[in-house]
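Visitor: Please read through the structure below; I'll follow up with questions.
Residue numbers (full-length UniProt numbering): 1 to 251.
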């Protein structure tokens, strides 16, 4: 009888120790899973595709290019950071100028400095799971375009016109609010989409003309067309929507 009681006690102790170990491992696994479910503090992502729609026309349109974003999570729900787009590279091209001669045709050279370069300060708050709201303020850098080296052709004759035009576009500001979804996949990879709506300023546009009035016996036809025929003045502001798809890493 005593032997049986001793055996039963040992079995009970062994079972109790085993269940205690399992319980401790379950708690550890649970805590580990909770740690995995927590968002990483640093989110870095790249936007290869974005599209923009404006409500006003004519308006200075921004060319959408790839962007780089970096955000830091001060809490599990609130992130603060920035987005940067390098914009279009400086360009040079030669194109046909239909206003060079009434009976012939012409060519002109056009150069542009870097266009559509912008920087955005971003704040994001995750209000439900992987869904977040955002408030953003940005600035787009201005650029300059030069139209020069006008050449008119009549038969075999070529005439270089003493005419050039420089257009300078100022920096401009914009602000948006947005709704997005961003998920950490496999613990490190990020995928997301964001829809933003906001207001963009058109900025200022300054045009400077250089020409020889004696060559044209007065004002050049191109100058008259620019000043008195084509009056596409941009609206001062425009509402716009911005939709982006992105992917990145979480650290």
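Quick reminder that beta carbons are idealized off the backbone N, C-alpha and C, glycines included.
In whole angstroms, what separates the C-alpha of residue 42 from that of residue 196?
Guide: Straight-line Cα distance between these residues: approximately 22 Å.
Visitor: Rounded to whole angstroms, what is the Cα-Cα separation between residue 77 and residue 234?
Guide: Roughly 40 Å between the two C-alpha positions.
Visitor: Mind checking whether residue 114 and residue 89 have CB atoms under 8 Å apart?
Guide: In this structure, residue 89 lies closer than 8 Å to residue 114 by Cβ.
Visitor: When you compare only the Cα positions, how much space is there between residue 242 and residue 50?
Guide: The alpha-carbon atoms of residue 242 and residue 50 are separated by roughly 7 Å.
Visitor: According to DSSP, which residues form a beta bridge with residue 193?
Guide: Residue 193 pairs with 181 and 245.
Visitor: State the Cα-Cα distance for the pair residue 119 and residue 221, rounded to the nearest angstrom.
Guide: If I take the Cα positions, the gap works out to 39 Å.
Visitor: Starting from the C-beta of residue 147, find all residues in its chain whose C-beta is less than 7 Å away, skip the five residues before and the five after it, and write them out in chain order.
Guide: For residue 147, where only same-chain residues beyond five positions count, the Cβ hits under 7 Å are 108, 110, 164 and 165.
Visitor: Over the uninterrupted beta strand (DSSP E) stretch that includes residue 215, give me the two end residues.
Guide: Counting along the chain, residue 215 falls outside any beta strand (DSSP E), though it belongs to the alpha helix (DSSP H) covering 213-216.
Visitor: State the Cα-Cα distance for the pair residue 139 and residue 239, rounded to the nearest angstrom.
Guide: Cα-Cα distance, rounded: 15 Å.
Visitor: Identify, in the order they occur along the chain, each residue of the same chain with its Cβ nearer than 6 Å to the Cβ of residue 160, setting aside the five sequence neighbours on each side.
Guide: Answer for residue 160: 151, listed in chain order.
Visitor: Pick helix, strand or coil for residue 251, following the three-state DSSP scheme.
Guide: Reduced to three states, the DSSP call for residue 251 is coil.
Visitor: Looking at the structure shown, is residue 46 part of a helix, part of a strand, or coil, going by DSSP?
Guide: Here residue 46 sits in strand by DSSP.
Visitor: With the cut-off set at 8 Å, would you say residue 72 and residue 190 are in Cβ contact?
Guide: Cβ distance not < 8 Å, so residue 72 and residue 190 don't count as in contact.
Visitor: Near residue 215, which residues of its chain fall below 6 Å by C-beta distance, leaving aside the five closest residues on each side in sequence?
Guide: Taken in chain order, the residues that qualify are 162.
Visitor: Once the 5 residues before and after residue 171 are set aside, which same chain residues still bring their CB inside 8 Å of it?
Guide: Excluding residues within five positions, the ones whose Cβ falls inside 8 Å are 139, 140, 141, 142 and 203.
Visitor: Where do the N-terminal and C-terminal ends of the alpha helix (DSSP H) with residue 222 fall, by residue?
Guide: It spans 221-224 - the alpha helix (DSSP H) in which residue 222 sits, taken as one unbroken run.
Visitor: Assign residue 228 to one of two classes, buried (16 or more other C-beta atoms within 10 Å of its C-beta) or exposed (fewer than that).
Guide: The residue is exposed, with fewer than 16 neighbouring Cβ atoms inside 10 Å.
Visitor: Give a yes or no on contact between the region 54-61 and the region 81-88, applying the rule of three or more CB pairs nearer than 8 Å.
Guide: Because the criterion of three Cβ pairs below 8 Å is not met, the region 54-61 and the region 81-88 do not touch.
Visitor: In angstroms with no decimal places, state the Cα-to-Cα distance between residue 218 and residue 207.
Guide: Straight-line Cα distance between these residues: approximately 19 Å.
Visitor: Are the CB atoms of residue 134 and residue 116 within a distance shorter than 8 Å?
Guide: The answer is no: Cβ separation not under 8 Å.
Visitor: Could you check where the beta strand (DSSP E) with residue 117 kicks off and where it finishes?
Guide: No beta strand (DSSP E) contains residue 117, which DSSP labels as neither H nor E.
Visitor: In or out: residue 244 buried (at least 16 other Cβ within 10 Å) or exposed?
Guide: Classification of residue 244: buried, given that the 10 Å Cβ count is 16 or more.
Visitor: Could you please give me the residues that DSSP links to residue 206 through a beta bridge?
Guide: Looking at the DSSP assignment, residue 206 forms a beta bridge with 168.
Visitor: In terms of residue numbering, what span does the beta strand (DSSP E) encompassing residue 80 cover?
Guide: Element bounds for residue 80: 78-85.
Visitor: Mind checking who residue 146 pairs with in its DSSP beta bridge?
Guide: DSSP output for residue 146 lists 111 and 166 as bridge partner(s).
Visitor: Buried or exposed for residue 182, please, with buried defined as at least 16 other CB atoms from any protein chain shown within 10 angstroms of its CB.
Guide: Buried: at least 16 other Cβ atoms inside 10 Å.
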